[in-house]
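These notes are about the structure you will find just below.
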Amino acid sequence: MVLDTQTLILVAAGLAASVAGVFALAWRQHPGIPALRYWSWTYLLNALGLLLILARDTVPVKPLLIASNASVGLAAIALLAASRSFLGRGPLHRLVWLPFILAISGIFYFTYIDINFVTRVMISSTYLGGMALWVAVEHLRQPAAEQTAPMRAMIALMLLHVAVHGGRVVSFATGWTTSADLLAPTLIQTIVFYEACLFVVLVPIVCLVMTAERLQRHLRHTASTDSLTGLMNRRAFLEESDRRFRQARRSQGTITLMLIDIDHFKAVNDRHGHGAGDAVLIGLARLLDVSLRRSDLACRYGGDEFCVLLPDTGAAAALRVAETLRARFSGAGFQSAGETVGTTLSIGIAENGPSVDTLEGLISRADAALYRMKRAGRNRAAISEDVPVAANLAIPQSAC
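So for the sequence shown, my numbering puts the first residue at 1; every next one is plus one.
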């Protein structure tokens with residue numbers, strides 16, 4: 001069935017204008033996502049370009065054609081800018097304007113100098129299809145692990161846009177479509193403008209879903225992260241550690257926990273100020289980040305205490321890790337207000353076993369070992385129910 005082309009254009013323009021408003025409101029709510037602003041411009045320009053097509057009875061046709069194509073062409077650039085911004089690729093290179101300038105120049109030439117409707121349509125569709133392909137490629141460049149379902153839907157919609165405009169080019173190039181009226185109700189024009197309606201409905205939905213996913217990830221990250229150190233907070237650590245502890249028990253695997261306390265932390269705050277205390281906390285967090293494996297978990301457990309879970313690691317290996325951390329931390333100086341602040345660590349270590357059937361029990365054993373070390377003079381590491389390790393114990397080479 002061939003639908004009325006003017007009706008399709010009017011519907012697409014109305015939808016595009018509405019979507020532009022939605023994106024503008026979303027951007028006001030979330031100014032930290034600049035892609036929302038670009039998406040708003042994308043659909044505002046699309047709406048303008050489509051409405052200009054319908055204004056040919058009241059405005060001279062030739063300038064109208066240039067303005068309409070320029071508006072839709074700018075919308076394609078805005079969509080590309082939005083995709084790059086959302087994917088963290090940075091601003092567009094100036095060369096992105098070259099295809100736009102060439103396309104508009106070609107359309108101008110075949111509108112005013114060598115009037116040729118077919119060539120003009122082919123230039124327009126080649127440009128729009130090429131820009132859609134560029135957007136698809138930007139999303140395809142994302143690592144496979146980061147390509148969510150909405151992102152794959154975006155790729156599919158962009159490729160559909162490429163196919164429709166590619167089909168339009170082939171249709172005119174082969175002479176299958178011969179009408180020189182853009183609004184003629186031909187099959188190919190009906191397909192093009194029907195797909196335009198889908199484009200201004202489905203693409204914004206996908207964009208909003210991608211944005212919602214990002215906001216949800218941000219909220220989850222904020223809810224599970226210590227704001228000062230960037231490590232997991234206590235709640236998130238306990239949830240994930242309990243899951244891993246139960247998994248280790250089921251598989252009869254080994255898992256070890258370290259409880260770390262910064263020695264004389266209150267004195268650091270009292271003597272040098274809370275800024276110095278924050279610098280020490282951040283310094284320890286960074287040390288843990290560069291020293292531990294990707295499979296390990298680290299958190300700021302509370303105040304000046306940190307907790308580390310080491311999967312598939314026995315107490316002896318954990319002790320080597322602890323001694324490396326202790327030695328590196330005590331040898332580091334942390335800058336605050338022009339001063340270098342230093343202190344030491346006390347570390348308690350506990351390994352799971354038949355007598356430890358809960359994560360709470362594992363933490364309790366590590367806590368007992370930690371306080372035994374603090375009573376013994378601090379700057380020490382020890383395994384639960386083991387002989388204290390002296391502060392001057394040589395650091396095993398395998399832990400460095």
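Note that the Cβ used here is the ideal one computed from N, Cα and C, for glycine as well.
Taking a contact to mean a Cβ-Cβ separation below 8 Å, would you say L231 touches R294 in this structure? Start at 1 with the first residue of the sequence shown, and residue 231 comes out as number 231. Start at 1 with the first residue of the sequence shown, and residue 294 comes out as number 294. Taking the C-beta atoms as reference points, R294 is found no nearer than 8 Å to L231.
| query | Where does R385 fall in DSSP's three states? | reply | As a position in the sequence shown, residue 385 is number 385, starting the count at 1. Sequence inspection shows Glu at residue 385; the Arg mentioned does not correspond to that position. Residue state, collapsed to three classes: coil.
Extract the residue ranges of the beta strand (DSSP E) inside the region 237 to 284, only unbroken runs of 3 or more that lie entirely within it. 255 to 262, all fully within the region 237 to 284.
List the DSSP bridge partners of A298.
Position 298 of the sequence shown holds residue 298. In DSSP, A298 forms a bridge with V308.
Identity of the residue in A196, P204, L140 nearest Y38 by Cα:
If you number the sequence shown from 1, residue 38 lands on position 38. Taking only the C-alpha atoms, the option nearest Y38 is P204.
For this session: Measure the alpha-carbon distance for F403 versus H161 and round it to whole angstroms.
Result: Summary: the structure shown does not reach residue 403, with the chain confined to residues 1 through 400, and so no result is reported for it.
For the structure I just gave you, are there three or more beta carbon pairs, one from the region 113 to 132 and one from the region 157 to 172, closer than 8 Å? As far as the Cβ criterion goes, the region 113 to 132 touches the region 157 to 172, which means the pair count is three or higher.
| query | Given a threshold of 16 other Cβ atoms within 10 Å of its Cβ, counted over all protein chains shown, does D408 qualify as buried or as exposed? | reply | In the structure as shown, the chain starts at 1 and stops at 400, and residue 408 therefore has no counterpart that could be examined.
| For L309 versus S384, is the C-beta spacing smaller than 8 Å? | The residue labelled residue 309 in the question sits at position 309 within the sequence shown. The residue labelled residue 384 in the question sits at position 384 within the sequence shown. Cβ distance not < 8 Å, so L309 and S384 don't count as in contact.
Original post:
So, are the CB atoms of L319 and F237 less than 8 Å apart?
Top reply: Along the sequence shown, one-based indexing puts residue 319 at 319. Along the sequence shown, one-based indexing puts residue 237 at 237. It is not a contact, given that the beta carbons lie outside the stated cut-off.
Notebook entry, point to check: Per the contact definition of three or more C-beta pairs closer than 8 Å, is the region 272 to 291 in contact with the region 320 to 335?
Noted result: These segments touch.
- Query: How far does the alpha helix (DSSP H) with V118 in it reach, from first residue to last?
  - Reply: As a first step, residue 118 is located in the sequence shown; it is residue number 118 there, counting from the start. Start and end: 117 to 140.
Rounded to whole angstroms, what's the CA-CA distance from V11 to C197? Just pull it up for me.
-> The sequence position of residue 11 within the sequence shown is 11, counting from 1. The sequence position of residue 197 within the sequence shown is 197, counting from 1. The straight-line gap separating the alpha-carbon atoms of V11 and C197 is approximately 7 Å.
For V209, I'd like the list of residues in its chain whose CB is within less than 7 Å of its CB, leaving aside the five on either flank, ordered along the chain.
Taking the first residue of the sequence shown as 1, we reach residue 209 at position 209. Within the same chain, and ignoring the five residues on either side of V209 in sequence, the residues whose Cβ sits closer than 7 Å to its Cβ are P150.
#### Entry: Rounded distance between the beta-carbons of G348 and A366, thought under 8 Å
For the purposes of this step, residue 366 is taken as the residue at position 366 of the sequence shown. For the purposes of this step, residue 348 is taken as the residue at position 348 of the sequence shown. Confirmed, Cβ separation roughly 4 Å.
Residues that M232 bridges to, as DSSP identifies them:
Here residue 232 refers to the residue found at position 232 of the sequence shown. Bridge partners of M232 according to DSSP: T225, C299.
For A132, which residues from the same chain have a beta carbon less than 6 Å from its beta carbon, with the 5 sequence-adjacent residues on both sides left out?
-> For the purposes of this step, residue 132 is identified with residue 132 of the sequence shown, where counting begins at 1. So the list reads M158, H161, V162, once near-sequence residues are dropped.
- Task: At 3 residues or longer, and completely inside the region 12 to 81: list those beta strand (DSSP E) runs for me, N to C.
- Result: Correct list: empty.
**Item:** Whether I115 touches V96 by CB criterion (8 Å)
**Value:** For the purposes of this step, residue 115 is taken as residue 115 along the sequence shown, with counting starting at 1. For the purposes of this step, residue 96 is taken as residue 96 along the sequence shown, with counting starting at 1. No.
| task | May I ask which residues mark the beginning and end of the alpha helix (DSSP H) holding S157? | result | Within the sequence shown, numbered from 1, the residue matching residue 157 stands at position 157. First, the residue type needs correcting, since residue 157 is Leu and not Ser in the sequence shown. Residues 149 to 173.
Just to confirm before moving on: does the CB-CB distance between L74 and R84 stay below 8 Å?
As a first step, residue 74 must be located in the sequence shown, where it is residue number 74. As a first step, residue 84 must be located in the sequence shown, where it is residue number 84. Taking 8 Å as the Cβ cut-off, L74 and R84 do not qualify as a contacting pair.
Please report the straight-line C-alpha distance between G130 and Q189, rounded to a whole angstrom. The residue given as residue 130 occupies position 130 in the sequence shown. The residue given as residue 189 occupies position 189 in the sequence shown. Approximately 19 Å, taken between the alpha carbons.
query = For V135, which residues from the same chain have a beta carbon less than 7 Å from its beta carbon, with the 5 sequence-adjacent residues on both sides left out?
reply = In the sequence shown, counting from the first residue as 1, residue 135 sits at position 135. Counting only residues of its own chain and dropping the five nearest sequence neighbours on each side, V135 has a CB closer than 7 Å to the CB of L79, L80, S83, M158.
(message) Rounding to the nearest angstrom, what Cα-Cα distance links A145 and G273 in this structure?
(response) Working through the sequence shown from its first residue, we reach residue 145 at position 145. Working through the sequence shown from its first residue, we reach residue 273 at position 273. Taking the straight line joining both Cα atoms gives about 44 Å.
task = Go through the region 315 to 368 residue by residue and report every complete run of the beta strand (DSSP E) that reaches 3 residues or more, in order.
result = Taken in chain order, the unbroken stretches of beta strand (DSSP E) that lie wholly in the region 315 to 368 and span 3 residues or more are 334 to 336, 339 to 341, 345 to 351.
Problem set entry | 6 Å Cβ shell around D226 - same chain, five flanking residues per side excluded | Position 226 of the sequence shown holds residue 226. Contacts found: N233, R300.
Short Cβ contact (8 Å threshold) for D312 with T254: Counting from 1 along the sequence shown, the entry for residue 312 is found at position 312. Counting from 1 along the sequence shown, the entry for residue 254 is found at position 254. Less than 8 Å separates the beta-carbon of D312 from that of T254.
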